[in-house]
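Asker: Mapping to my numbering: the sequence shown position 1 is 46, numbers consecutive.
Sending over a structure as structure tokens; questions will come in a sec.
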Amino acid sequence: MLSKEALREIEAARAEEESARHALLTALRTVQRERRQVGPEEIAYIADLLGLSPAVVQGVARFYDQITETPTGQHVLSLCRGISCYLCGADDVAAEVRQLLGVETGGTTADGQFTLRLVECVGACDRAPAAMVDDRFVGPVQADTIHALTKL
Ligand code: FES
46 MLSKEALREI EAARAEEESA RHALLTALRT VQRERRQVGP EEIAYIADLL GLSPAVVQGV
106 ARFYDQITET PTGQHVLSLC RGISCYLCGA DDVAAEVRQL LGVETGGTTA DGQFTLRLVE
166 CVGACDRAPA AMVDDRFVGP VQADTIHALT KL
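Take a look at the structure:
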């Protein structure tokens, strides 16, 4: 199901952490990155890999917005809608990104490249309006940077 590199990443986390539960978040993030989703098949796989119950894995997976049960695009563009970003024009940026990508919030572009999300504070208020492209912070995001964001 996973590449050797991804499997090594999870095994390294398991070896470093004191328990399988402590390695679970690494496993979820790794599987999400590689499979673009953590659905029932992935839940069962992770549970088996770490020796946890599927219910535990699913419970943690559902807590995090970044872990999705359905496939995302190749990249996830997360626009912050927190108060700092809102005050710095995040709504306008979001509207422009929706138009540029041709998708609504939560949607994935027809070419499968981008899934667009609106998220709460990403912890980069000093870069408001901020965004994340996959695991990378970007900001401040303005109209003229939107196009560059989608040219990865
Ligand atoms: S409110 Fe947007 S990064 Fe904090």
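The C-beta atom is built at its ideal place from N, Cα and C for all residues, glycine as well.
Please read these numbers as outputs of a predicted model, since none were measured by experiment.
How about glycine 127 and phenylalanine 159: do their beta carbons lie closer than 8 Å?
Answerer: Not in contact: glycine 127 and phenylalanine 159 (Cβ atoms no closer than 8 Å).
Asker: From the DSSP output, read off the bridge partner residues of valine 183.
Answerer: Answer is Ala176, bridged to valine 183.
Asker: Can you give the Cα-Cα distance for alanine 65 and leucine 95, rounded to whole angstroms?
Answerer: Going from the Cα of alanine 65 to the Cα of leucine 95 covers about 6 Å.
Asker: I need the DSSP call for arginine 53, collapsed to helix, strand or coil.
Answerer: Helix at arginine 53.
Asker: Please determine, among Val101, Ala100, Met46, Glu61, the residue with the shortest C-alpha to C-alpha distance to threonine 75.
Answerer: With distances taken between Cα atoms, threonine 75 lies closest to Met46.
Asker: Can you give me the Cβ contacts of proline 99 inside the same chain, cut-off strictly under 7 Å, excluding the 5 residues immediately before and after it?
Answerer: So the list reads Ile88, Ala89, Ala92, once near-sequence residues are dropped.
Asker: Quick one: what does DSSP say serine 123 is sitting in, helix, strand or coil?
Answerer: If DSSP states are grouped into helix, strand and coil, serine 123 belongs with the strands.
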